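In my numbering, the protein residues as written are 2 to 147.
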């Protein structure tokens, strides 16, 4: 006849002392503060005002949601991935500002352009074809009619 064996009770764990828990929580909070201090912020409102943009255009140009753009406007730091996209967008806007008055860039991005087969310049950015805009900027800046 077989005898049944009962499962062993799990070893009891003592809770960590309060001082250790406090130490860990403090360390985690400090890590968040250090990370937040090292990540860049993005002054969305200033960029919108300078270049005549709307927040939805920033969303379209960076590929991030309108909600994310709103968090940037509220002062939340950029992540590494978002910082790269914002940097690319700002470089393009700054280059455009050398050939066009900055306040007209936002409206221009929304106009069909015959140089791009009637596509909107902002659509080119969304499709990953910003190189066509860079070429246009080069041609305008150099005086080469293309």
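A virtual CB, placed ideally from N, CA and C, is assigned to each residue, including glycine. The model shown is predicted, which means the values in this text are computed figures rather than measured ones.
(request) Tell me whether the beta-carbon of residue 63 lies closer than 8 Å to the beta-carbon of residue 83. (result) One-based indexing of the chain shown puts residue 63 at position 62. One-based indexing of the chain shown puts residue 83 at position 82. Cβ distance < 8 Å, so residue 63 and residue 83 count as in contact.
(message) Check whether the stretch 103-112 and the stretch 66-77 touch, using three or more Cβ-Cβ pairs below 8 Å as the test.
(response) No, they do not touch.
(request) Would you decide whether residue 85 is buried or exposed? Buried here means 16 or more other CB atoms lie within 10 Å of its CB. (result) As a position in the chain shown, residue 85 is number 84, starting the count at 1. Looking at its Cβ environment, which holds fewer than 16 other Cβ atoms inside 10 Å, residue 85 is exposed.
(request) Could you tell me the distance, in whole angstroms, from the CA atom of residue 92 to the CA atom of residue 134? (result) Residue mapping note: residue 92 aligns to position 91 of the chain shown, counting from 1. Residue mapping note: residue 134 aligns to position 133 of the chain shown, counting from 1. It is roughly 12 Å from the alpha-carbon of residue 92 to the alpha-carbon of residue 134.
(request) Could you tell me the boundaries of the alpha helix (DSSP H) in which residue 84 lies? (result) The sequence position of residue 84 within the chain shown is 83, counting from 1. Its alpha helix (DSSP H) spans residues 81-97.
(request) For residue 61, count neighbouring C-beta atoms within 10 Å of its own C-beta (all shown protein chains included) and say buried if the count is 16 or more, exposed if not. (result) Position 60 of the chain shown, counted from the start, is the residue given in the question as residue 61. Around the CB of residue 61, 16 or more other CB atoms lie within 10 Å, so the residue is classed as buried.
(request) Quick one: grab the DSSP three-state call for residue 141. (result) In the chain shown, counting from the first residue as 1, residue 141 sits at position 140. Secondary structure of residue 141 (DSSP, three-state): helix.
(request) Pull up the distance between the alpha-carbon of residue 137 and that of residue 102, whole angstroms please. (result) As a working note, residue 137 is residue 136 in the chain shown. As a working note, residue 102 is residue 101 in the chain shown. Taken atom to atom, the span from the alpha-carbon of residue 137 to that of residue 102 is near 15 Å.
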